[in-house]
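Asks:
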Amino acid sequence: MDEVRVDEDELTKEIESFSVISGDDNEEKVYQGVNNNDSGAEISMEARQSQWVNLLGVRNKPDQLIDWDHLYNLNDQAELRKQCQKVVENVQNNGGDRERKTKVTVPALESMMTLWCKKRKIQNASKVHWTDLMTVLIEMDFDNPTLFNIFYAITTKYIPRDIDESGKTYDLFRLIMQYHDPEICSHLDSLKITPHSYASSWFNSLFSKDLDVKLCLQLWDIYFEKGDPFLVFFISLCLIQSARDQILQMKDKNEIITFLRDIPKNMSVEDITDLIDVCKVSMSLTPLSVQEDFHCMLFGANMVEDFYELPLQTLLCLPISVQELYKRSVDGGAYGVMMPYNYFVIDTRSQKEFSSGSIPGSYNLSGRLLVDAPEKFTNAMTTLMRFKKESCASDHICFFGSGLEEDDSYMVMVISSFLHKNVNHISYVDGGYKALHSVLKETNNLNKLSNHFDGNACLHCNGQKAEAKESFTWSVMERMNQRRKGLKDAAKNISEYFPKLDIFGRENAQHAKSNERNQKRYRNVQSVFTLEDSDESDNDATFELDASNANERV
144 MDEVRVDEDE LTKEIESFSV ISGDDNEEKV YQGVNNNDSG AEISMEARQS
194 QWVNLLGVRN KPDQLIDWDH LYNLNDQAEL RKQCQKVVEN VQNNGGDRER
244 KTKVTVPALE SMMTLWCKKR KIQNASKVHW TDLMTVLIEM DFDNPTLFNI
294 FYAITTKYIP RDIDESGKTY DLFRLIMQYH DPEICSHLDS LKITPHSYAS
344 SWFNSLFSKD LDVKLCLQLW DIYFEKGDPF LVFFISLCLI QSARDQILQM
394 KDKNEIITFL RDIPKNMSVE DITDLIDVCK VSMSLTPLSV QEDFHCMLFG
444 ANMVEDFYEL PLQTLLCLPI SVQELYKRSV DGGAYGVMMP YNYFVIDTRS
494 QKEFSSGSIP GSYNLSGRLL VDAPEKFTNA MTTLMRFKKE SCASDHICFF
544 GSGLEEDDSY MVMVISSFLH KNVNHISYVD GGYKALHSVL KETNNLNKLS
594 NHFDGNACLH CNGQKAEAKE SFTWSVMERM NQRRKGLKDA AKNISEYFPK
644 LDIFGRENAQ HAKSNERNQK RYRNVQSVFT LEDSDESDND ATFELDASNA
694 NERV
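For the sequence shown, this note's numbering assigns the number 144 to the initial residue and increments by one for each residue that follows.
#1: I need the straight-line Cα distance from leucine 382 to leucine 589, nearest angstrom please.
#2: By DSSP, does aspartate 490 sit in helix, in strand, or in coil?
#3: Would you report the Cα separation of proline 303 and glutamate 496, rounded to the nearest angstrom?
#4: For glutamine 494, which residues of its own chain have a beta-carbon under 8 Å away from its beta-carbon, when the five flanking residues on both sides are left out?
#5: Using a 10 Å radius around the Cβ and a threshold of 16 neighbouring Cβ atoms, would you call alanine 221 buried or exposed?
#6: In the DSSP output, which residue or residues are listed as bridge partners for histidine 539?
#7: So the alpha helix (DSSP H) valine 744 belongs to, where does it begin and stop?
#8: Could you have a look at serine 464 and say whether DSSP puts it in helix, strand or coil?
#9: Sort out for me which residues DSSP pairs isoleucine 569 with in a bridge.
#10: Using the rule of at least 16 other Cβ atoms within 10 Å of the residue's Cβ for burial, across every protein chain shown, is asparagine 267 buried or exposed?
#11: In three-state DSSP terms, what is leucine 547?
#12: Can you find the residues in the same chain that come closer than 8 Å, C-beta to C-beta, to aspartate 371, ignoring five residues on each side of it along the sequence?
#13: Can you grab the Cα-Cα spacing for the pair histidine 213 / phenylalanine 285, in whole Å?
#14: First and last residue of the alpha helix (DSSP H) that includes threonine 289?
#15: Look at the alpha carbon of leucine 403 and the alpha carbon of methionine 410, and state the distance between them as a whole number of angstroms.
#16: Mind the definition here: the region 460 to 476 touches the region 570 to 587 only if three or more C-beta pairs lie below 8 Å; say whether that holds.
#17: Locate the alpha helix (DSSP H) running through leucine 276, then write down its first and last residues.
#18: Nearest to methionine 283 by CA position, among Lys246, Lys470, Asp550 and His339, is which residue?
#19: Between tyrosine 576 and phenylalanine 542, which are expected to be in contact by the criterion C-beta below 8 Å, what is the C-beta distance as a whole number of angstroms?
#20: In or out: arginine 317 buried (at least 16 other Cβ within 10 Å) or exposed?
#21: Three or more C-beta pairs closer than 8 Å, one from the region 304 to 324 and one from the region 333 to 347: is that the case here?
#22: Please determine, among Thr491, Asn594 and Pro483, the residue with the shortest C-alpha to C-alpha distance to serine 501.
#23: Just grab the DSSP bridge partners of asparagine 755 for me.
#24: Between glutamate 398 and aspartate 405, what straight-line distance do the alpha-carbon atoms span, to the nearest angstrom?
#25: Distance check for lysine 423 and methionine 554, CA to CA, integer angstroms please.
#26: Between the Cα of glutamate 368 and the Cα atoms of Val566, Trp195 and Ile327, which residue gives the shortest distance?
#27: Kindly indicate which residue of Ile540, Ser498, Thr521 and Trp211 has the alpha-carbon position closest to the one of leucine 708.
#28: Nearest CA to the CA of leucine 208: which residue from Ile186, Lys261 and Arg191?
#29: Report yes if the CB atom of leucine 90 is closer than 9 Å to the CB atom of isoleucine 265, and no otherwise.
#30: Please classify serine 187: does DSSP put it in a helix, a strand, or coil?
#31: Would you list the residues sitting across from serine 501 in a DSSP beta bridge?
#32: Between methionine 256 and leucine 223, is the Cβ-Cβ spacing less than 9 Å?
#33: Spatial neighbours of asparagine 661 within its chain, please: C-beta separation below 7 Å, excluding the five flanking residues on both sides.
#34: Short check: CB of glutamine 235 to CB of histidine 323, under 9 Å?
#35: Taking only three categories from DSSP, how would you classify phenylalanine 222?
#36: Quick one: what does DSSP say histidine 323 is sitting in, helix, strand or coil?
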C-alpha cells in the first residue's frame with residue numbers, strides 16, 4: 144500500500160505574524176501565530192453556561208449534594224473551611240467598590256468540596272489545588288448542584304491526577320518537550336529546572352491561576368469544545384517555545400523559572416485562538432500513543448494508584464506502542480486518515496537478526512557497533528542521517544530494538560548519541576521486535592515482515608530467544624495494558640528493572656551529567672506561538688564522514 148504523506152509546509156502555511164506585549168518591559172515583541180479569523184469573540188454568560196453544561200456532559204446529572212453522609216470529617220476540615228471563606232471573599236471583592244453577591248455561600252462551598260474530596264478519596268483537602276479553579280467557576284453563576292457537577296467534570300477529565308512535585312504528569316511533559324524541542328529541554332535539564340517548578344499552576348489549575356477571569360473563560364470555551372485533556376501539555380509546550388530564544392540566552396535558574404511562570408500573563412484575548420490552533424499542529428506531530436496509552440495513567444476518577452510503580456522519569460525518550468508502528472509502517476494507512484508524517488525506523492539489532500525479519504522500509508544501524516567499532520558506527524550514522532535529510536526529511540525517527548534487555552541496552556546508547564546532537568522527533572518502539580513478532584504471529588501476519596522467509600533463521604520463530612530476559616526497561620506500555628486488563632500484580636516490582644536515569648537527581652538516580660549535553664543550537668527559531676517547518680531541524684547536527692556505508696531501504 145502506498146504511504147500517505149503530508150508535507151509539514153501544508154500544516155503551517157497559514158501562519159502569520161501577530162504581537163504580544165510583554166508585561167515586563169512593555170516593548171512590543173513580534174511572534175508568529177496561526178491565522179485567526181475569530182479572535183476575542185464575546186458570548187453571553189447564559190450562552191456560555193448552556194454550552195459548558197452540554198460540553199461537560201452534566202445537563203441531566205442529578206443533584207449529588209443531597210444524597211451524601213453530610214459528615215464534615217476530613218483530616219484538615221478546619222483548613223478547608225478557611226479556604227472556602229477566602230474563595231467566597233475573593234469572588235465578592237471582584238465587584239470593585241460594591242460587594243458582588245454570589246449564589247455560593249461558605250457553608251455550601253464547604254459541602255461541595257467535602258463531598259468532592261470524599262468522592263476522590265482525598266483526606267487532606269488543603270493540599271489539593273482547587274481554589275483558583277473554583278473561583279473562576281463561581282463567577283459563572285451556576286446554581287450549586289450544577290456548579291458541583293461542572294467542577295467534578297473538569298477536575299476528573301482535564302486536571303491530571305499525578306501533579307505532585309515528582310508526578311508523572313511532569314515526566315510525560317518533559318518527554319513531549321524533548322520530542323519537539325530537545326535543545327530547550329536539554330538547556331532546562333542542565334540547570335536542573337523541572338517542569339513542576341514553573342508549570343505546576345498550568346496543570347493543576349488549568350491556567351486559572353495565571354490568567355485573569357475573562358481570558359481564562361475564553362480559553363476554557365475553546366478547551367472544552369476541543370474536549371482533549373492532553374491539550375494542556377501542548378499549550379505549555381507552545382508557551383515555552385514562544386520564548387525559546389530568550390530562555391536559551393538565560394543562565395540563571397531562578398530567573399528562568401520566574402520568566403517561564405510569567406509567560407501566560409503576557410497573553411491577550413486575541414492570542415488565545417491562535418495559541419490553540421498552533422497546539423493542534425503540535426499535537427498532529429506527536430505520536431498517537433501518547434494520548435492512547437497514557438490517558439488512563441493521568442486522567443479520570445478511578446484507578447488512582449494503578450500506575451504508581453511506572454517510573455516515567457527513567458525513560459530516555461517517548462515510547463510508541465507496537466500497534467502504532469504496525470498501523471503506520473507495516474500496515475500502511477491502517478488509521479484511515481492522512482498522517483502528517485511517517486516514521487523513519489532505525490533498527491538497532493544485529494545485521495543477522497535484521498536480515499531474518501524486519502519492518503518494511505526500515506534501516507539497520509547495529510547498536511553493538513557503537514561499542515565494538517565506534518568509527519564504523521559514526522560512519523553508518525552519518526550516512527543514514529544524510530540519506531534521511533535528502534530523501535525524507537520530514538519523517539520522524541523511531542528506534543526499533545529486539546525487546547530483550549541485553550540487546551536493548553545498546554539501543555539506549557544509540558538513542559543517547561542522537562539526543563546529544565539535539566535531533567528532534569525521536570521515539571522508540573515499546574517491546575521492540577519481540578512484541579511486533581508476537582502481534583503478527585497472533586494475527587497470522589508474519590508475512591508482512593521483510594526478509595522473514597525462513598522461520599528457522601528467525602530467533603523468535605525457532606525459540607532461540609525463548610529464555611532471554613524481556614526488556615522491562617522498555618515495556619512500559621505493555622505494563623499499562625496489563626493493568627488496564629486487571630493484572631495488577633504483574634508489575635509491582637517493576638521499578639527494580641528500570642535503569643536509574645532520573646534526569647533531576649531524585650532518589651537513587653544515576654545518569655549522565657546533563658551539563659555534558661551538547662548545547663549547540665540546531666536551528667534559529669523566532670519567539671513564536673508556532674511550530675517552524677521541521678524538515679531541516681532533524682538534521683542540522685554536523686556529519687561530515689564518507690557515505691560509503693549507506694544502508695539500503697528494504
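Don't be surprised by glycine CBs; every beta carbon is placed ideally from N, CA and C. Since the structure is predicted, the reported quantities are computational estimates derived from the model, not experimental observations.
Replies: Quick answer:
#1: If you take the alpha carbons of leucine 382 and leucine 589, they lie about 44 Å apart.
#2: If DSSP states are grouped into helix, strand and coil, aspartate 490 belongs with the strands.
#3: Rounded to whole angstroms, proline 303 and glutamate 496 show a C-alpha spacing of 41 Å.
#4: Hits under 8 Å: Asn507 and Ser509.
#5: Residue environment analysis places alanine 221 among the exposed positions, since fewer than 16 neighbouring C-beta atoms fall within 10 angstroms of its C-beta.
#6: Within the DSSP bridge table, the entry for histidine 539 names Tyr486 as partners.
#7: The chain is shown only over 144 to 697; residue 744 falls outside these bounds and no answer can be derived.
#8: Per DSSP, reduced to three states, the secondary structure at serine 464 is coil, with no helix or strand assignment.
#9: In DSSP, isoleucine 569 forms a bridge with Ile540.
#10: Note on asparagine 267: under 16 other CB atoms within 10 angstroms of its CB, so exposed under the neighbour-count rule.
#11: In this structure, DSSP gives leucine 547 an extended state, which the three-state scheme calls strand.
#12: Close CB contacts of aspartate 371 within its chain, under the 8 Å cut and outside five residues either way in sequence, are with Met426 and Gln434 (chain order).
#13: Histidine 213 and phenylalanine 285 have their alpha carbons spaced roughly 22 Å apart.
#14: 287 to 300 is the extent of the alpha helix (DSSP H) around threonine 289.
#15: Inter-residue distance for leucine 403 and methionine 410 is about 13 Å (C-alpha atoms, whole angstroms).
#16: Because the criterion of three Cβ pairs below 8 Å is met, the region 460 to 476 and the region 570 to 587 touch.
#17: Start and end: 274 to 281.
#18: Ranking the options by Cα distance to methionine 283, first place goes to Lys246.
#19: Between phenylalanine 542 and tyrosine 576 the Cβ distance is about 12 Å, and since that is not below 8 Å, they are no contact.
#20: Of the other Cβ atoms in all chains shown, 16 or more fall within 10 Å of the Cβ of arginine 317; this residue is therefore buried.
#21: Between the region 304 to 324 and the region 333 to 347, the count of Cβ pairs shorter than 8 Å is three or higher; the stretches touch.
#22: Minimum Cα distance to serine 501 is reached at Asn594.
#23: In this structure the chain extends from 144 to 697, so residue 755 is not present and cannot be described.
#24: For the pair glutamate 398 and aspartate 405, the Cα-to-Cα distance works out to about 11 Å.
#25: If you take the alpha carbons of methionine 554 and lysine 423, they lie about 31 Å apart.
#26: Here the closest residue by C-alpha is Trp195.
#27: Outside the displayed range of the chain (144 to 697) lies residue 708, so it cannot be described from this structure.
#28: In this structure, Lys261 is the residue among Ile186, Lys261 and Arg191 with its C-alpha nearest to the C-alpha of leucine 208.
#29: A question about residue 90 goes unanswered here, because the residues of the chain that appear run from 144 up to 697.
#30: Reduced to three states, the DSSP call for serine 187 is coil.
#31: Beta bridge pairing from DSSP links serine 501 with Ser593.
#32: Contact flag set, yes.
#33: Unreliable positioning characterises asparagine 661 in this predicted model, as indicated by a pLDDT of 38, which lies under 50. A coordinate reading is not provided.
#34: Between glutamine 235 and histidine 323, the CB-CB gap reaches or exceeds 9 Å.
#35: The displayed chain sequence assigns glutamate, not phenylalanine, to residue 222. Residue state, collapsed to three classes: helix.
#36: Looking at histidine 323 - three-state DSSP - the assignment turns out to be helix.
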